[in-house]
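Under the working numbering, the first residue of the sequence shown carries the number 24, and numbering increases by one thereafter.
A virtual CB, placed ideally from N, CA and C, is assigned to each residue, including glycine.
First the structure, in the form of structure tokens, and then the observations on it.
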Amino acid sequence: MPAILGSLRRLVLAPSLADVTFARRGFPGPRTEVTDRLEAIPQAVVCGFEWAMETPRMWEIERRIDLVESEMRGFAYEGAAMALTVLDATSGGHRTRDLLAGPGAPHLFLAYIGIGFAMTRLPRPLWKRVLPDLTDASPYHPTMSWLVIDGYGFDLAYFRHERWVERQRVPAAYPWQGTPAYFPRAVDQGIGRALWFIHGGRTTEVAAAVARFAEQRHADLWSGVGLAATFAGGGTPSALADLRAHAAHHWTELGLGAVFAVKARATAGMLPQHTQPVLAALTGRTVPEALSIVDDTAERDTTQGDMTSAEVVSPDAGASSDVPAYERWRQRIRTRLAATPPANTTRD
24 MPAILGSLRR LVLAPSLADV TFARRGFPGP RTEVTDRLEA IPQAVVCGFE
74 WAMETPRMWE IERRIDLVES EMRGFAYEGA AMALTVLDAT SGGHRTRDLL
124 AGPGAPHLFL AYIGIGFAMT RLPRPLWKRV LPDLTDASPY HPTMSWLVID
174 GYGFDLAYFR HERWVERQRV PAAYPWQGTP AYFPRAVDQG IGRALWFIHG
224 GRTTEVAAAV ARFAEQRHAD LWSGVGLAAT FAGGGTPSAL ADLRAHAAHH
274 WTELGLGAVF AVKARATAGM LPQHTQPVLA ALTGRTVPEA LSIVDDTAER
324 DTTQGDMTSA EVVSPDAGAS SDVPAYERWR QRIRTRLAAT PPANTTRD
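Structure follows, in structure tokens:
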């Protein structure tokens, strides 16, 4: 019976590999080597989803994903987290926690995004069940769990881009981590990431897409663009330098996304060759400098003694009812980036 239910859920919820191609989604622009590479990312997510739906055995999920090339492996874990979230939310259990505290731990940031993908396929009353308690398993939980909402926004834009990108709809607020006012902003961060895919990494078109949104949404959209460009790759150094120019006074948002992408890649133990050139073009920083910025600006849990901020990230330090710890961390990173802007960049 579990296998039958898993097959039904997979058929109902999972897109096919063809469904996630840019042509099937109706995205603009020509097919290129870049679009081929970017298309492989959602296809890896689909594979991870299907594998996790087909078997409840964590070892087998891990073994299948280990067969994926290292640069794409995190995306397969993204899909696995999506599948297990659906199963946990609809039938109970702790499969998602077992994945994220176990073999998926190095890919936690991407796995959070996979939970967000599941949310678009679940009714809102079930959302309270989607986030596993990883307090004892990761120093980044629940601070970085806002990436779940980023994933939710990405999925909306990727699969329903006419409504969420062309018509620029704003989602209804939801009290994620007790701060409903921040929910639409985190969704926009995911929509910004999707713009990089929708426009095939073509920087001029990406910048024009951001510009069509209301000005108050630009900052979060640009941070999503920076994360996608750095994590997924696709732009030449000169085109990325132009992208930074297009971002204008939002260049620190673009850089914020870039350094978070570097942190996610480094945590997973896999830095693709494109990482340093993209990071340099968007921020003027090296990978070690970006990692230092992210780690040094994290909030410390003073109850844990003299531990580095990379080891302990406290969601409660300096708590505010309307600004989550995640955004306060982002603000500190922007401040550090603004202090030493790259050449030909206007300070905020």
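Judged by beta-carbon spacing, Gly247 lies within the 7 Å limit of Arg216, meaning their Cβ atoms are closer than that value. When C-alpha distances from Trp219 are compared across Ala252, Arg190, Glu189 and Ala242, the shortest belongs to Ala252. By the criterion of a C-beta distance shorter than 6 Å, Thr58 is surrounded in its chain by Phe45 and Gly223, once the five residues flanking it on both sides are discounted. In the DSSP assignment, Arg308 falls outside any alpha helix (DSSP H), carrying neither H nor E.
For the options Asp265, Ala270, Ala287 and Thr259, the alpha carbon positioned closest to that of Glu238 is the one of Ala270. Within a 10 Å sphere around the beta-carbon of His117 sit fewer than 16 other beta-carbons, which makes this residue exposed. Here Val171 is near Gly139, since their CB atoms are less than 7 Å apart. For the pair Arg190 and Tyr181, the Cα-to-Cα distance works out to about 13 Å.
With respect to the C-alpha of Val68, the residue from Ala321, Lys286 and Gly174 having the closest C-alpha is Gly174. Between the region 308-318 and the region 274-289, the count of C-beta pairs closer than 8 Å reaches three or more; the two stretches touch. A contact is defined here as three or more CB-CB pairs under 8 Å, and the region 110-125 meets this definition with respect to the region 79-88.
Nearest to Ala361 by alpha-carbon distance, out of Thr306, Val346 and Ala99, is Thr306.
The Cβ atoms of Tyr205 and Ser168 do not sit closer than 7 Å to each other. Buried is the label assigned to Gly176, since at least 16 other Cβ atoms lie within 10 Å of its Cβ.
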